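What follows is a single structure, written as C-alpha cells, with notes after it.
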Amino acid sequence: MRRRIPRTTLHRSLFRRGTAAAALVLTAGLLSPLSTAAAADEPVPATDYCEGQCADILPPGANGSATLAEILGNKLFGTQPAHADDQIGPYDALSSGYPSLTDDTLTNFFNDSSFGVPDDQVGSVTRPRDDVTITRDKKNGVPHVKGSTRYGTEFGAGYAAGQDRLWLIDLFRHIGRGELTSFAGGALANQGLEQEFWPQAPYTEEDLEKQVAFIKKSGGARGEQAMADAQAYIDGLNAYRVKSKNGRYFPGEYVLTGKIDAITNIGEIQPFKVTDMIALASVVGGLFGNGGGGEVDAALSLLAAQQKYGVEKGTEVWESFRGRNDPEAVTTVHDGTSFPYGTKPAKARGQALPDQGSVDREPLVYDRTGSAATESTKSVAKDPVKAPKRLKPLQGMYDDGVLPADLFTDSASKKGMSNALLVSGKHTASGNPVAVFGPQTGYFAPQLLMMQELQGPGISARGVSFAGVGMYIQLGRGQDYAWSATSAGQDITDTYAVPLCEPDGSAPTKQSTSYLYRGTCTPMEKLEKKNAWKPTVADSTAAGSYRMQVLRTQYGIVTHRATVDGKPVAYTSLRSTYRHEADSIIGFQMLNDPSYVTDAASFQKAAQHISYAFNWFYADSRDIAYYNSGANPVRAADVDMSLPVRAERAYEWQDFDPAENTAAYTPPAQHPHSVDQDYYISWNNKQAKDFTAANFSLGAVHRGDLLDGRVKKLTEEGGVTRASLTQAMEEAAVTDLRGEQVLPEILKVIRSKPVDDPQLAKAVQQLEAWRKAGAQRNQTSAGSKTYAHPDAVRIMDAWWPRLVEAEFKPGLGDDLYQALTGQLSIDEAPSAGHGPTGSHAGSAFQYGWWGYADKDLRSVLGQPVQGKLGAQYCGAGDLSACRDALLASLATAAAEPATEVYPGDDLCKAGDQWCADTINHRALGGITHRTMQWQNRPTYQQVVEFPAHR
Numbered sequence: 002m003r004r005r006i007p008r009t010t011l012h013r014s015l016f017r018r019g020t021a022a023a024a025l026v027l028t029a030g031l032l033s034p035l036s037t038a039a040a041a042d043e044p045v046p047a048t049d050y051c052e053g054q055c056a057d058i059l060p061p062g063a064n065g066s067a068t069l070a071e072i073l074g075n076k077l078f079g080t081q082p083a084h085a086d087d088q089i090g091p092y093d094a095l096s097s098g099y100p101s102l103t104d105d106t107l108t109n110f111f112n113d114s115s116f117g118v119p120d121d122q123v124g125s126v127t128r129p130r131d132d133v134t135i136t137r138d139k140k141n142g143v144p145h146v147k148g149s150t151r152y153g154t155e156f157g158a159g160y161a162a163g164q165d166r167l168w169l170i171d172l173f174r175h176i177g178r179g180e181l182t183s184f185a186g187g188a189l190a191n192q193g194l195e196q197e198f199w200p201q202a203p204y205t206e207e208d209l210e211k212q213v214a215f216i217k218k219s220g221g222a223r224g225e226q227a228m229a230d231a232q233a234y235i236d237g238l239n240a241y242r243v244k245s246k247n248g249r250y251f252p253g254e255y256v257l258t259g260k261i262d263a264i265t266n267i268g269e270i271q272p273f274k275v276t277d278m279i280a281l282a283s284v285v286g287g288l289f290g291n292g293g294g295g296e297v298d299a300a301l302s303l304l305a306a307q308q309k310y311g312v313e314k315g316t317e318v319w320e321s322f323r324g325r326n327d328p329e330a331v332t333t334v335h336d337g338t339s340f341p342y343g344t345k346p347a348k349a350r351g352q353a354l355p356d357q358g359s360v361d362r363e364p365l366v367y368d369r370t371g372s373a374a375t376e377s378t379k380s381v382a383k384d385p386v387k388a389p390k391r392l393k394p395l396q397g398m399y400d401d402g403v404l405p406a407d408l409f410t411d412s413a414s415k416k417g418m419s420n421a422l423l424v425s426g427k428h429t430a431s432g433n434p435v436a437v438f439g440p441q442t443g444y445f446a447p448q449l450l451m452m453q454e455l456q457g458p459g460i461s462a463r464g465v466s467f468a469g470v471g472m473y474i475q476l477g478r479g480q481d482y483a484w485s486a487t488s489a490g491q492d493i494t495d496t497y498a499v500p501l502c503e504p505d506g507s508a509p510t511k512q513s514t515s516y517l518y519r520g521t522c523t524p525m526e527k528l529e530k531k532n533a534w535k536p537t538v539a540d541s542t543a544a545g546s547y548r549m550q551v552l553r554t555q556y557g558i559v560t561h562r563a564t565v566d567g568k569p570v571a572y573t574s575l576r577s578t579y580r581h582e583a584d585s586i587i588g589f590q591m592l593n594d595p596s597y598v599t600d601a602a603s604f605q606k607a608a609q610h611i612s613y614a615f616n617w618f619y620a621d622s623r624d625i626a627y628y629n630s631g632a633n634p635v636r637a638a639d640v641d642m643s644l645p646v647r648a649e650r651a652y653e654w655q656d657f658d659p660a661e662n663t664a665a666y667t668p669p670a671q672h673p674h675s676v677d678q679d680y681y682i683s684w685n686n687k688q689a690k691d692f693t694a695a696n697f698s699l700g701a702v703h704r705g706d707l708l709d710g711r712v713k714k715l716t717e718e719g720g721v722t723r724a725s726l727t728q729a730m731e732e733a734a735v736t737d738l739r740g741e742q743v744l745p746e747i748l749k750v751i752r753s754k755p756v757d758d759p760q761l762a763k764a765v766q767q768l769e770a771w772r773k774a775g776a777q778r779n780q781t782s783a784g785s786k787t788y789a790h791p792d793a794v795r796i797m798d799a800w801w802p803r804l805v806e807a808e809f810k811p812g813l814g815d816d817l818y819q820a821l822t823g824q825l826s827i828d829e830a831p832s833a834g835h836g837p838t839g840s841h842a843g844s845a846f847q848y849g850w851w852g853y854a855d856k857d858l859r860s861v862l863g864q865p866v867q868g869k870l871g872a873q874y875c876g877a878g879d880l881s882a883c884r885d886a887l888l889a890s891l892a893t894a895a896a897e898p899a900t901e902v903y904p905g906d907d908l909c910k911a912g913d914q915w916c917a918d919t920i921n922h923r924a925l926g927g928i929t930h931r932t933m934q935w936q937n938r939p940t941y942q943q944v945v946e947f948p949a950h951r
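So that you can map any letter, position 432 of the sequence shown is 433 in the working numbering, and since no number is skipped, the others follow by simple counting.
Structure follows, in C-alpha cells:
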C-alpha cells in the first residue's frame, strides 16, 4: 500500500552523520518573533525517573567559544578556556579503563546526566530575560536552561548557543549558503568544501523563505509552535551576538578574519535570521541524513563489467559486488522480519544507461580571478597581511582551510556514522532495558554538537543538538526515556536522464540548457553564487574570486551530461528532502514533549515525522524500540533505483509535484521498525531483510559485526548491566575489523601448506598472535603510546591494499577493478585519511573490501558462502595459486618499514604508529587540544538504564 504523506509526517535521521535531522529542526521556526513574554511563575521541576542511572559525554568540552586573548593564550602557552577540554580526559581514559569497568565506576568516564544542577554544584547563573535562567554546573559548564514561558525557554536556548558556539554557528550558516570563502578566506580547502556542498543544496533566499512558509502551512499547530520556537531561539542568539560585541567578549576569530577591529571594535557580526538556520540545517542533513545518489557512477561501473564479461555475465558479476540484499549482511532487525524497499525489478523499465565514453561532469566554477584564476588542487597563491606583533603567532591559522575540502564528497551515504547497543530488560540484571548509544559525528574543536538541558512549558529534555539548530534536544533523554540515532543512508536520492532540447526546435547538443519536461521544451533555471576574498591574519590566501553556477530542473540539479542511445541528455539528482531541509522540526518537537512521548509506540510516531534517513532507537524502564525514518519516495513500478532512469512521467515518483518537490512516500509500516527484540545493534549497517542497500558497502563483513557478536553473547548469557554493555561497545571500539573478521580466513589459506620462508613464517606468526589476543589497536596501558602487537598491526596496514589487489585485480582486469574500487574504497584503517575530519578521524572500518575478500576466500577454501560473488578471484579459484598471491603480497608488506606505512604529518613523526591512529579534534576556531587514543565510538554517547516510569 502507498499513501500521500504530509511532509511533516515524514522521517529523517542523523548520523552520518538522526543528527542531520536535528539540524532541520531549527529551520522550522521562520515566523516573525513572538511578542516578548512577561515573567511567569517558576515552572514545576521535572521529575527525573533515571534516578542517577543516566550518563553521557561529549569531548572536548561544553565551551566552544574563545576571546582573542584566550586564543593567544592557547597558542603561546597551551592554556585552555574554562570547560573547553574537560571531557577529553574521561572520554580518552575509557580505552584503557574499560576491562575493569563497573556500574559504580561509569562516572569516571561519563558525566552524570541527571536533570538540573545541585545547589552546591552551581558554577554560574545567567538571566538574559526575566522568564529564563541559564545555570551552568561547576564540573563541565553545561547550560541548563529553565524557562517559565515557552518563548523564554527558547530565547535562553539561543542565548546559551551564542555563549558556547557563536563562531561555529556563523561559520556553518555560511557553508550552508555556499559562502565559506567570502566569510573565512579563500584557502584551497575552503574552496573545495563550498564547491562540494553548495551543488547539493543550492537555494535562493526565496527558496529558503518558501521552506519556512511550507512548514507553517503543512505543520498545523505544531508547525506554528515550531516556527515561534525557532524565532525565539534566533532572538536569543542575536541578543548574545549584540551583547558580546558591545562588551568586547565576542569570539576572537572575528578579529583574525577581519570582521572586527580589535582596537576600535569597528565591524559587525551579521544578524542571524531563521533562513540562516534552514541553510545550516541543510549542512547537517547533507553530512549525516542523506542517502542514495551516485547512479551515474554506478552505471559506469556496470558498463565496465558488461564490457569485460558481456552483458549477461557482466551484470551478474556487477550485482554480486553491488550486494543489494546480501544474505550474510548483519542486520539491526534480526528476527527475520522482511521490509522490502528498492528491490531490483525482474525487468527494469525506463533505464537510461549512458553511451560508452559520453559522460561529462557538469562544470561548476566560472569567472576565476586572482588567486582562484588557475584551478589547482595542491597550492594557491599567498599574500600575508602585515599583522600586529601580538597577532603574529596566529597568522595563517586558516591557511589550510577551516574544514577538509572533501567533507561532503559522496554524500552522507558514504559518511554515515554512529552506533547503538540496546538490550531488552528480559536479559539484564535489573529487568530494565539498558542502552549505550550515540552519534559518531567526527571530532572538532569546538564540537558540532552542543550539550544542553531544556526545561519549560511543553519541553523537558537533556542531551545534544547541532549548534545553531538547538531549539530542541535532538539526541538525548526525557523524563523517563532516552533516544538516539545512527545514519541510515537508505536511497532517497534518484538520478534522472533529462532529454535536452533547443527552444527554436533545432537539434540539441550536450551543451543545451533547455530540456523536455512533460513534452515542453523548458529552460533550465540558473542558480549562482559569487564569492570573493582577500587575505586576513587567519588566512593568507591572496585575493581572488569566482562564480559558482548550477542548473536546476523540475527533476533536480544537473550533475552530468551524456548521450543515451545517441541522444543528448542531462543527468540530474533529485533528493526527496530537497526544498524540505527543516521539515523534521515537528518530529524533534515531539521527542522533547513529555506529554507526547510516553512509550515506545509514541516514540515511533514522533520519529515518523523525521524525513532524513536515520535509524532511531529508544529505551525506557520497560521497552526498547527501533524505527527507520526517511522520506522514502514511492517509485514507479519496475524502476531500478540504483541506476539512472528516463525523465518521463511514467517513471516519476508516485504523485510527484515538482513545485514543492513532494510525492507519495512509503507508509510507516513499510519502514524497518521493531519493539522489544532481544537486542538491537546499529553501526550504519543493513537495517533489515530485503531493505535494499543504497550503496556497495553492506556485505558479509561490516563493522556492525563487531557489535553484533558481542551483544548477542551478552544477551544469551543474561544479566547484562550498563557496565558490561559499555565494555562490549568499547572492546569493539579498539578492535581492528580486518584482524577479527577476515584474518582467520586469510590464515587458513596461507596455512594450507607449511610456510617455509623464515621471514614470511615470522610475519604469519605475528599476525596469528595478534588475532589470538583480540586484534586490538590499543595501548598496552594508559599512556604507554604503543600497541602490544605493533609489527602485526603494521603488517596488516601495509598488506591489506596489496592483498585486495593481488586477490581481485588479475581476475577483474584494470578497468573493472578501478571502476569497482571507485564505488567502494578498499580500506578504512584508523591511520588513513578519511571521514569527516580527514586523518585522525576516529571513525574507521565502515567502507572497505572486507566482505568481498571474506566471501572469495571462503569460496576458494570450499566453505559455504551465501550470496557468492559472480566468480572466484583469488588465484582464479585455485587454492595453491591463491596462497601464492597472498604470500607474495605479504612479503612486500612485511618488508615495508613503519616510516613508510605511517609517513607522518603535522601531528606525528614518521613511523609513529600509535600517533598515526590517534584522534585529533579538528580546529574550527582558534583553540586546539591534545590528541586521544584511537577509539571507534560515538562522539556524543549516552549510557542509560531507567528504573522507573511515569
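Cβ atoms here follow ideal geometry from the backbone N, Cα and C, with glycine treated the same way.
Quick caveat, the model's predicted, so the values are computed rather than measured.
So what does DSSP say about C522, is it helix, strand or coil?
strand
Per DSSP, what kind of secondary structure is V123 in: helix, strand or coil?
strand
For T564, which residues of its own chain have a beta-carbon under 8 Å away from its beta-carbon, when the five flanking residues on both sides are left out?
P355, D356, S359, K511 and V570
When burial is assigned at 16 or more other CB atoms within 10 Å of the CB, is T940 buried or exposed?
buried
Does the segment 258 to 272 come close enough to the segment 603 to 620 to have 3 or more Cβ pairs within less than 8 Å?
no
Is there contact here, the segment 70 to 81 with the segment 445 to 462, by at least three beta-carbon pairs under 8 Å?
no
So is R166 buried or exposed if we call it buried at 16+ other beta carbons inside 10 Å?
buried
Below 8 Å, can you find three or more Cβ-Cβ pairs linking the segment 231 to 238 to the segment 670 to 683?
no
For L404, which residues of its own chain have a beta-carbon under 6 Å away from its beta-carbon, when the five flanking residues on both sides are left out?
Within the same chain, Cβ atoms closer than 6 Å to the Cβ of L404 are found at L194, the five residues on either side in sequence being excluded.
Work out the CA separation of F184 and G814 for me, nearest whole Å.
46 Å
Within the same chain, show all residues whose beta-carbon is closer than 6 Å to that of N662, passing over the 5 residues directly before and after it, in chain order.
Y579 and R580
Report back the beta-carbon spacing between E897 and A799 to the nearest angstrom; my notes put them in contact at under 8 Å.
4 Å
Hey, how far is the Cα of G719 from the Cα of Y619?
Pairing G719 with Y619, the inter-Cα distance amounts to about 20 Å.
Does the beta carbon of G337 sit closer than 7 Å to a beta carbon anywhere in chain D?
Of the protein chains in the structure, only one exists, and it is not chain D.
Assuming N420 and S683 are in contact, meaning their beta carbons sit under 8 Å apart, how far apart are those beta carbons, in whole angstroms?
6 Å
Indicate whether the contact test is met: 3 or more Cβ pairs, each with one atom in the segment 468 to 479 and one in the segment 489 to 503, closer than 8 Å.
no
Could you compute how far the alpha carbon of E782 sits from the alpha carbon of S97?
In the sequence as presented, Glu is not what sits at residue 782; that position holds Ser. Going by the C-alpha atoms only, they are around 6 Å apart.
I think N141 touches A83, with their Cβ atoms under 8 Å apart; what is that distance to the nearest whole Å?
A Cβ-Cβ distance of about 10 Å is found for the pair N141 and A83, leaving them out of contact under the 8 Å criterion.
When the Cα atoms are used, what is the spatial distance from R951 to Q480?
8 Å
Using DSSP bridges, identify the partner residues of A498.
DSSP lists Y572 and R647 as the beta-bridge partner residues of A498.
Threshold first: 3 residues or longer. Then list the beta strand (DSSP E) segments lying entirely within the segment 608 to 645, N to C.
615 to 621 and 625 to 630
Which whole-angstrom value is the C-beta distance of D104 and R723, which I expect to be below 8 Å?
5 Å
Do E582 and S283 have their CB atoms nearer than 7 Å?
In contact: E582 and S283 (Cβ atoms closer than 7 Å).
What whole-angstrom Cβ distance do L257 and G927 have, given they're in contact under 8 Å?
In this structure L257 is in contact with G927, their Cβ atoms being roughly 7 Å apart against a cut-off of 8 Å.
Identify the continuous beta strand (DSSP E) that holds F156 and give its terminal residues.
Segment R151 to G177 is the alpha helix (DSSP H) holding F156; no beta strand (DSSP E) there.
Any idea what DSSP makes of Y234, helix, strand or coil?
helix
Please name the residue or residues paired with L528 in a DSSP beta bridge.
V551
Once you ignore the five residues that flank D262 on each side, which residues in its own chain have a CB closer than 7 Å to its CB?
G268
Would you call K687 buried or exposed, if buried means 16 or more other Cβ atoms sit within 10 Å of its Cβ?
buried
I want to check one thing, is the minimum distance from the CB of A347 to the heavy atoms of the ligand GDP below 6 Å?
Absent from the structure shown: the ligand GDP. Ligands present: none.
Which residue wins for smallest C-alpha separation from P953, given the options E649, Q609, P659 and Y652?
The requested residue 953 is not part of the displayed model; the chain covers only 2 to 951.
On the DSSP bridge list, what partners appear for Y342?
F692
Decide if K379 is buried, meaning its Cβ has at least 16 other Cβ atoms within 10 Å, or exposed.
exposed
Going by DSSP, which residues form a beta bridge with W534?
G545
Whether or not the segment 788 to 807 and the segment 893 to 907 are in contact is what I'm after, with contact meaning three or more pairs of Cβ atoms, one per stretch, closer than 8 Å; do they touch?
yes
Along the beta strand (DSSP E) that carries P144, what are the first and last residues, could you check?
P144 to G148
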